[in-house]
Amino acid sequence: MLNKGLRDEESIRIENTLRTLHALIFVPKFWNAEDTSLIDEQLKSFGLSLERTIEIPEEDLILLLQQCHLDWNQQEQFADILIGLSQEKQFDFLGKALAIYQYIQKESKVFSFGINTKIASAKNK
Numbered sequence: 000m001l002n003k004g005l006r007d008e009e010s011i012r013i014e015n016t017l018r019t020l021h022a023l024i025f026v027p028k029f030w031n032a033e034d035t036s037l038i039d040e041q042l043k044s045f046g047l048s049l050e051r052t053i054e055i056p057e058e059d060l061i062l063l064l065q066q067c068h069l070d071w072n073q074q075e076q077f078a079d080i081l082i083g084l085s086q087e088k089q090f091d092f093l094g095k096a097l098a099i100y101q102y103i104q105k106e107s108k109v110f111s112f113g114i115n116t117k118i119a120s121a122k123n124k
């Protein structure tokens with residue numbers, strides 16, 4: 000278990016990585032090799048790459064996010080990033096994002112209308 004100081008540092012590192020991923024993904028891209036390598040570089044923080052994210056089963060991805068100490072909010076942000084990557088149809092991470100949202104909704108023991116809306120939206124895509 001991490002002590003409070005290390006948890007705070009880890010949380011800040013995770014937030015910075017997620018913020019950078021958001022910036023890379025939500026700017027319209029043509030998804031050339033340079034763009035994907037920038038995303039891969041950020042995903043390394045979670046032991047992932049785009050290729051590994053494609054291959055990893057949903058349950059293993061959720062376990063990996065837990066091992067990387069992502070809290071519920073950070074897991075939701077990661078799922079949002081997967082949705083963003085799926086928008087241009089270059090990647091199909093909708094199933095993985097849906098699994099993360101459903102996991103959060105079930106395991107956090109707190110019902111979230113926001114996550115419930117995201118689940119419905121992902122199911123309709």
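For the sequence shown, numbering that gives the first Met the number 0 begins at 0 and goes up steadily by one.
Glycine included, every Cβ here is placed at the ideal spot set by N, Cα and C.
Mark residue i as exposed unless 16 or more other C-beta atoms lie within 10 angstroms of its C-beta, in which case mark it buried.
i	result
residue 75	buried
residue 22	exposed
residue 64	buried
residue 85	buried
residue 121	buried
residue 119	exposed
residue 116	exposed
What does the alpha-carbon distance come out to for the pair residue i and residue j?
i	j	result
residue 54	residue 96	14 Å
residue 91	residue 58	16 Å
residue 18	residue 49	17 Å
residue 109	residue 14	22 Å
residue 89	residue 40	18 Å
residue 113	residue 106	15 Å
Can you tell which of the options has the C-alpha that lies nearest to the C-alpha of residue i?
i	options	result
residue 16	92, 119 and 68	68
residue 102	35, 44 and 73	73
residue 70	123, 112, 100 and 119	100
residue 104	123, 82 and 78	78
residue 43	20, 10 and 120	20
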